[in-house]
Every structure is written in C-alpha cells, then in structure tokens.
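Student: The numbering used here applies: residue -8 is where the sequence shown begins, and numbers increase by one.
Glycine residues also receive a C-beta, built at the ideal position from the N, C-alpha and C atoms.
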Amino acid sequence: MYVTFGTSLTVIIDEAHSSQGGETATDLKEVLGGEGLREQAQNLAAEEGREDLAELFRSMAKRGRQANLSFFAFTATPKYKTLAVFGRAGQSAHRYTMRQAIEEGFILDVLKHYTTYATYFKLLKSCADDPNVERKKAAQALARFMRLHPHNIAQKTEVMIEHFQGVTRHKIGGRAKAMVVTGSRLEAVRYKQSFDRYIRQKGYAIKSLVAFSGTVQDDQIAEVSYSEVGMNEGIAEKELPEKFATQEYQVLLVAEKYQTGFDQPLLHTMFVDKRLAGIQAVQTLTRLNRTHPLKEDSFVLDFVNAREDIREGFKVYYEGAAMGDEVDPARMYAIKGELDAYGIYLGEEVERFCSVYFKPKQRQSAMDHQAMNAALDPAVSRFTVRQMNKEEEADVWRGKVQAFLNLYGFLSQVIPYQDSDLERMYVFLRHLAAKLPRRKSGPAYQFEDEVQLEYYRLQKISEGSISLHDGEARRLDGPTEVGSGQVRSDAVPLSQLIDVVNERFGTDFNQADQLFFDQIVEAAMADAGLRQAAEVNPGDKFELVFKNLLEKLFVERMDENEEIFVRFMNDLPFQKIVTGWMASLTYQRLRSDTSEATGV
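What follows is the structure, given as structure tokens:
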C-alpha cells in the first residue's frame, strides 16, 4: 500500500481495549503515514546532521500521532492505554454508558441476580515422611489438588446441573442456555466428564459442549490426552458457536475461550469457578447481557469471587471509565539508568546493534541478522552468568526491562519523544529480551499420594443484586514499573503448609479473637499477589490491595468467629480500624521478609 502526501485516512477499530499498544499497531501507523512520515523522518535526520539515521527517526516518528490519520475506537471496557491513545483531554463530547444502556433496555443488568458460594475443606497429610517443599509452588499445587479433586468437581457439578434443571431450562421460553467458566483446561476436561456422567445418571435432557485450546494431557494417565474436537464428538472448533445455538445443546464449559466477544442472546446463566478481577470480570460476565424478546433476566452463580470484588470491577465502567494520575514520562530515564547500572550490556553493543538494525534498506545484506545477534550475545552471556549466581537480582533486572518496554511502547504513542537514545534502547532491549534464558521453573509438585481430603463443605453465602449506584468508581491506572514477577519462596515442611491451607479454608478454629486475627494475617501473607504488592508499593497503596483480599478472608472464616465476622461486616468504623491495623501489620511483616531476603 502506498499513501501519497496529503492523503487523509480514517481508521475504525472495534474492541479497542486490546492489542493497540504493541508493534502491530505501530506498523499500521507507519504504513498509513505514507509520504508524510518519510518526509518527517528525513527532516529530523537532516536537523541532526545524520542523514544515515533516517530509518531511526522514521521508527521514532511512526509511534506518535499522524496528522493524516483519524482514529475512531469502540470499546465498552477501555483500559488506561485506550483512553490515553485514542481519547481527548477534557470533558467527553458524548458517552453512552453501561448504566444508560441498561436503563434503556439495550442490555441486561447481569449483577441483578448474583449468588456466591464458599468452599470449606480440610486436608490431611497421608504420607509417612514430612518433606520440605517450596512454599509458593507447593501451595499452588495444593490449591490445584483441591480444585481438581473428584469430590469438589462432583459437588459443584450437582449444584450447577440441578440449578439448570430446576430453574434455567424454563427461562426464555424453554430455550435458555448456560456457560461454565473454569480455571484451567484440565478443569474444563474434568467438568465435562463430570457433567456428562451426572446427566446420564439422572436421565436429564441436557447436552454439553466444551471449549479449550490445544491438547490437554491427562494428569493421571500418561498415554491419554484430550482435545476440544474429540470431547465434542467431532464438532470442529469453527462450528461450535453455531452448534451451541441449536436446541440440541444447553451448556457450554469453557477455559479461556468465549469469555470475550461471544454473542449468544439465549445465554441466561453463568456458573463461575475461576478467579475474575477488573476488566476480565466485566468482559466475562457481560456475555449474559444480550437481550432476547423472551429474556427477562440473567443469573450468575459464583464459587470463587467475592461480591465486592465483582462490584469494584463493574463500577469502573458503569458510569464511564475515567483516567487516574498521568504516567510520569521522566520515569523512562530513571529505569534506563537503573538498567545501565547492572552492567548487563555495554553502550557500544547497543550502538553496534542499532547501526545494523537502522541501516538504510538499500544497504541491507544477508549478513545483517548474524551481525545483530553478535551484538546481542555478550549481553545474553552476562545475564546467564548473573542468573546462575544471583537469580533474584537477574529476575529484578528482567522485570525492569519489561517495565521499560511497556512504558516506552505506551508513552511514545502519546508523547512526541525527540530522544533517539530511548528508541535505540527500546529496539535493543526488545530483541535482547527475546533471547534471554527462561526463568528457572523450580520443582513441580503432585500431591495425589501425599495428601487426602478429610472433609468438605460447599455453602451458599449470599444472593441478590450487586448494586452499582453507590460509592466512587476507581479510576484506571496507567502502566507503571513492575516487580520481577517472582516472589521469594522459602522451604517449609509439607505438614506445616497443609496446616496453613486448612487455616485458610477450614472450619475448626480456636475462638480466641487474637488467634483469629493472627490466622487472617498469616493467610494474607501466603497470598503471592499480596507479597508482590508489598514489594513494589508504599503502605497506603498496599492497604488498597489488602482491603480487597481481607473481606474474602473474613467470609471464608465467618463460621469460626461469627461475632467478629458480623461486627466486621456491619460496623463500618470497626471495619476501618481493623483493616488499617491488619494492613499495617501484614505490610511490616512482608517488608521484613523482603529485607531479610535481600540483606537490606
């Protein structure tokens, strides 16, 4: 495609909340920028007296806004980047909000009928020895053991199918359908098997389909694997939406598929057995909001998420999303300085790589790829040595690389940077990051022979509407520097870890108030996301993250100390005092752990 100077173009983007901050979107602007972009790059190169770097300046210019391009972006769930790249400063000329669409009857309020369940269980160590295990990975393995346990799957299957049989199937003139949102592909497989078995035993006229990508290896039988087509009796992936729309099928079980963009007006009920937060919660649950002449309402049964977490996610978009604090452009230079200080790469290597990468096209040769790799390899070698000797330090540096790439990829679209060094660094690090060795995965735990389920209880804890009318909506946060993504995980005896898990999900607690609070703090400290939040946030920001988790921990323990639970939920001053005190205590302990690990 060749665009002449002066040609104006309009670009219409649907689902603009995704994939607009990467290189593909930048390449689109380069192609459509045409002669104007080439002329701009040549002028910048001439001003610098470096006509040989015209390609570098063109790479910089294509990231920003192009005078000949007008973008019209559509999305119901914009991210901070979406508003910054496509939005305009000041008051919107017009916005059509979720609230208005619901009030005018164009979509349904999917939070009007929302029921939550809690799972209580206790595990028992069944092996004779008591091996030391890595806390974080072993805790994840125990959680996976519980999610995939046949009794857990069977109990939830019964609840879901009986609700569908007794309530859902009579909706929308007897044509209503349901979706089951699972936490992993293997869980989707297990639920599909459990659904079919239970339906067959009961003789119900219900048929299910399952949707997941690729092939799933059975975790118990090495020779057995599952595919979507195989489990759906030969129905091709592209045929599935059309087949599900027929009266032959009533339930669709999904794992990371059909949670966005899926339009099926007959979808009435959603069963959620997966952690959802923020924009993902909104995009997933709004699969139910399509209208139909016979559709009066929708229903959600959630086994995992707290009502307040769902409310917070929807509240952001109910009246129209708003941007929070602007990202500080100076942070780019601070991160670059921190990256330089590690000594992983040398300035001459960056220059050598970029001199080849930005070579004029007429001078490019078949040897250029080899030359660029030769410029990257010394940095890869240094990083590999650092990873072997100081793994945590290497992970922190890798995290800073990703932070730089994220920030520059975003900011260069909204701020006209004139610093060619930043563009060089961005291109160099983007290619270097792709060559770095992967993180060490650590041990993989399977506890089928070492752990048993001692008792289990599935209990309804709330039902009714989740109101979005009261309270302030959280503003969208911009991209910031992130941590390494790794959380220090110490070794603990398996029996001790099982005790911690039982404390989080069990029902047999000491009634002493102080012990009750101590157990909540310990459970919070075991949360990987909370640990990472403590590492990269000041105390006040940490408290916001902690508050979201705390209510869930109290709800999980409401039977253990009902007096404290009722007071915490109903007495707002008491709730505020307890939240602040426990957040401070947890933050101090987590920061102390981090200091001991780093020697600071």
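Using three-state DSSP, classify residue 409 as helix, strand or coil.
Tutor: Residue 409 falls in the coil class under three-state DSSP.
Student: Would you list, in sequence order, the uninterrupted alpha helix (DSSP H) runs of no fewer than 4 residues that lie entirely inside the region 508 to 544?
Tutor: Runs found: 519 to 527.
Student: Please work out which residues of its chain come closer than 8 Å, Cβ to Cβ, to residue 597, disregarding the five sequence neighbours upstream and downstream, and give them in chain order.
Tutor: Outside the modelled stretch of the chain, which goes from -8 to 591, sits residue 597, for which no answer is possible.
Student: What are the boundary residues of the alpha helix (DSSP H) that residue 257 is part of?
Tutor: Taken as a continuous stretch (DSSP letters only), residue 257 belongs to no alpha helix (DSSP H), as it is neither H nor E.
Student: What whole-angstrom Cβ distance do residue 367 and residue 423 have, given they're in contact under 8 Å?
Tutor: About 5 Å separates the two Cβ atoms, so the contact holds.
Student: Is it true that the region 318 to 326 meets the region 290 to 306, where meeting means three or more beta-carbon pairs spaced less than 8 Å apart?
Tutor: The region 318 to 326 is not in contact with the region 290 to 306.
Student: To the nearest angstrom, report how far apart residue 297 and residue 66 are at their CA atoms.
Tutor: One C-alpha to the other measures close to 26 Å.
Student: Do the CB positions of residue 593 and residue 373 come within less than 8 Å of each other?
Tutor: In the structure as shown, the chain starts at -8 and stops at 591, and residue 593 therefore has no counterpart that could be examined.
Student: Spatial neighbours of residue 280 within its chain, please: CB distance less than 6 Å, with the 5 preceding and 5 following residues excluded, ordered by chain position.
Tutor: If we look at residue 280 and ignore the five residues flanking it on each side, its Cβ neighbours are 98, 99, 101.
Student: Which residues in the same chain have their Cβ closer than 6 Å to the Cβ of residue 118, if we skip the five residues on either side of it in sequence?
Tutor: Taken in chain order, the residues that qualify are 441.
Student: Would you tell me roughly how many angstroms separate the C-alpha atoms of residue 545 and residue 389, rounded to the nearest one?
Tutor: Near 36 Å, if we compare the C-alpha coordinates of residue 389 and residue 545.
Student: Pick helix, strand or coil for residue 293, following the three-state DSSP scheme.
Tutor: Strand, per DSSP.
Student: Label residue 578 either buried or exposed according to how many other C-beta atoms from any shown protein chain fall within 10 Å of its C-beta, with 16 as the threshold for buried.
Tutor: Residue 578 comes out buried.
Student: What is the rounded straight-line gap between the Cα of residue 458 and the Cα of residue 302?
Tutor: Cα to Cα, the separation comes out at about 7 Å.
Student: Should residue 5 be labelled buried (16 or more other beta-carbon atoms within 10 Å of its own) or exposed?
Tutor: Answer is exposed; the Cβ neighbour count stays below 16.
Student: Would you mind reading off the limits of the alpha helix (DSSP H) that contains residue 272?
Tutor: Unbroken alpha helix (DSSP H) run through residue 272: 269 to 276.
Student: Excluding five sequence neighbours on each side, which residues of the same chain lie with their C-beta closer than 6 Å to the C-beta of residue 270?
Tutor: Only 68 meet the Cβ criterion.
Student: Let's see if you can read the secondary structure: which residues bound the beta strand (DSSP E) around residue 448?
Tutor: Per DSSP, residue 448 belongs to the beta strand (DSSP E) from 442 to 453.
Student: Find the nearest neighbour of residue 404 within the set 365, 455, 382, 318, judged by alpha-carbon distance.
Tutor: Of the candidates 365, 455, 382, 318, the one whose C-alpha sits nearest the C-alpha of residue 404 is 318.
Student: Examine the Cβ distances between the region 103 to 114 and the region 442 to 452 and report whether three or more of them are shorter than 8 Å.
Tutor: Touching, yes.
Student: Using the three-state DSSP reduction, which class does residue 183 fall into: helix, strand or coil?
Tutor: Residue 183 falls in the helix class under three-state DSSP.
Student: Please determine if the region 340 to 347 and the region 356 to 371 are in contact, where contact requires at least 3 C-beta pairs separated by less than 8 Å.
Tutor: Touching, yes, given that three or more Cβ pairs across the two stretches are closer than 8 Å.
Student: Can you say whether residue 61 is buried or exposed, counting buried as having 16 or more other CB atoms within 10 angstroms of its CB?
Tutor: Exposed.
Student: Quick one: measure Cβ to Cβ for residue 163 and residue 286, integer angstroms, because I've assumed they're closer than 8 Å.
Tutor: At roughly 5 Å, the Cβ-Cβ gap stays under 8 Å, so residue 163 and residue 286 are in contact.
Student: Going straight from the alpha carbon of residue 139 to that of residue 150, what length do you get?
Tutor: Going from the Cα of residue 139 to the Cα of residue 150 covers about 16 Å.
Student: Which residues in the same chain as residue 576 place their Cβ atom closer than 8 Å to its Cβ, once the five residues preceding and following it in sequence are excluded?
Tutor: Excluding residues within five positions, the ones whose Cβ falls inside 8 Å are 512.
Student: Output the distance between the C-alpha atoms of residue 169 and residue 362, rounded to the nearest integer angstrom.
Tutor: Looking at the two C-alpha atoms, the distance is approximately 56 Å.
Student: Let me know the secondary structure DSSP gives residue 577 once reduced to three states.
Tutor: DSSP places residue 577 in helix when its eight states are reduced to three.
Student: Residue 245: which of 229, 219, 268 sits nearest, CA to CA?
Tutor: It is 219.
Student: Spatial neighbours of residue 216 within its chain, please: CB distance less than 8 Å, with the 5 preceding and 5 following residues excluded, ordered by chain position.
Tutor: Answer for residue 216: 206, 207, 208, 209, listed in chain order.
Student: Could you tell me how far apart the beta carbons of residue 158 and residue 199 are, in whole angstroms, since I believe they sit closer than 8 Å?
Tutor: No, residue 158 and residue 199 are not in contact; Cβ-Cβ is about 17 Å, not under 8 Å.
Student: Exposed or buried, which one is residue 259 when buried takes at least 16 other CB atoms within 10 Å?
Tutor: Classification for residue 259: buried.
Student: How many whole angstroms separate the CB atoms of residue 202 and residue 177, which I take to be in contact at a CB cut-off of 8 Å?
Tutor: Not a contact, Cβ separation roughly 14 Å.
Student: Which residue wins for smallest C-alpha separation from residue 375, given the options 247, 334, 559?
Tutor: Checking every option, the nearest Cα to that of residue 375 belongs to 334.
Student: Helix, strand or coil, according to DSSP, for residue 116 in the structure here?
Tutor: Residue 116: strand per DSSP, three-state reduction.
Student: Report the rounded CA-to-CA distance for residue 547 versus residue 413, giving the unit in angstroms.
Tutor: Approximately 49 Å, taken between the alpha carbons.
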